[in-house]
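In case it helps, our numbering puts the sequence shown at residues -6 to 217. Structure, as structure tokens:
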Amino acid sequence: MKSDLFASENLAQSAAAPGMTLQNAKSVKYTVNGEMLARQGSMVAFRGNLQFERKGQGIGGMLKRAVTGEGLALMSVRGQGEAWFAHQAGNCFIVDFEPGDSLTVNGRNVLCFDPTLSYEIKMLKGAGMTGGGLFNSLFTGTGKLALVCDGHPIIIPVTAQNPVYVDTDAVVGWSARLETGLHRSQSVGSMIRGGSGEAVQLMLRGEGFVIVRPSEVTETAAAH
-6 MKSDLFASEN
4 LAQSAAAPGM
14 TLQNAKSVKY
24 TVNGEMLARQ
34 GSMVAFRGNL
44 QFERKGQGIG
54 GMLKRAVTGE
64 GLALMSVRGQ
74 GEAWFAHQAG
84 NCFIVDFEPG
94 DSLTVNGRNV
104 LCFDPTLSYE
114 IKMLKGAGMT
124 GGGLFNSLFT
134 GTGKLALVCD
144 GHPIIIPVTA
154 QNPVYVDTDA
164 VVGWSARLET
174 GLHRSQSVGS
184 MIRGGSGEAV
194 QLMLRGEGFV
204 IVRPSEVTET
214 AAAH
């Protein structure tokens, strides 16, 4: 059978070493030799002797997820084999953490990661004013983290002299050392009259960067 469907870039190759690699722009391949962690429901194929198990977030994490509808619902993957991960054909990127690195990521953008990374669900200070709050996952340690993003991300440098303001529905992640807050860009009178639909943004200040996706559509909204 002949087709460009079978081009070499589309074929799954045997892994040279354990760990994650990009299968292509839309998916990540993880060669498991022990354990790894992934977003629940993100596995699209696997081969070998692997077991998938829902991973609890603990009482605090479960409470935050119930209150906000956000959070990071994970599954552990154990055994020996290969698994492929993707989410709604989003673009995938691998971040390699070295000692001292830390990154704050929106839970909806996490695809999978090495068990050597630590994560903690945190709420932004003052985020209650947005209605549901804004919860994100702080990743630290050494290892690799795979992110998924609608479209091509925008990386914006942040400096102490030039804070950056981003839509809370568009932010993917930012340097963990940045100072964060919420910025109201509309007056109360403007909001009563209908406003622009851009009432509150996440403010980032300090030295680092912020990752933004070119979409404000949430998964809940897209489902409807």
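Note that the Cβ used here is the ideal one computed from N, Cα and C, for glycine as well.
Query - the region 18 to 37 in contact with the region 91 to 99 per 3-pair CB rule at 8 Å - result: no
Requested in this report: For HIS176, write down the residues that DSSP places opposite it in a beta bridge.
Outcome: GLN194
Query raised in the report: Which residue comes first and which comes last in the beta strand (DSSP E) that contains MET13?
Result: 12 to 17
Query raised in the report: Which term fits HIS145, buried or exposed, when burial requires 16 or more other beta carbons within 10 angstroms of its beta carbon?
Result: exposed
Report task. Starting from GLN33, trace the beta strand (DSSP E) both ways and give me its first and last residue. Result -> No beta strand (DSSP E) holds GLN33; DSSP gives it neither H nor E.
Query raised in the report: Can you tell me whether DSSP reads GLY100 as helix, strand or coil?
Result: helix
Query - 8 Å Cβ cutoff met for SER(-4) and LEU30 - result: no
Query raised in the report: So LEU138 and TRP167 are in contact, right, with Cβ under 8 Å, and what is the actual spacing, rounded?
Result: Not a contact, Cβ separation roughly 14 Å.
Query raised in the report: LEU140 to MET(-6), Cα distance in whole Å?
Result: 35 Å
Requested in this report: Whole angstroms is fine: what's the gap from ALA79's alpha carbon to LEU104's?
Outcome: 7 Å
Query raised in the report: Where does the unbroken beta strand (DSSP E) through LYS115 begin, and where does it stop?
Result: 110 to 116
Requested in this report: In angstroms with no decimal places, state the Cα-to-Cα distance between ALA0 and GLY34.
Outcome: 28 Å
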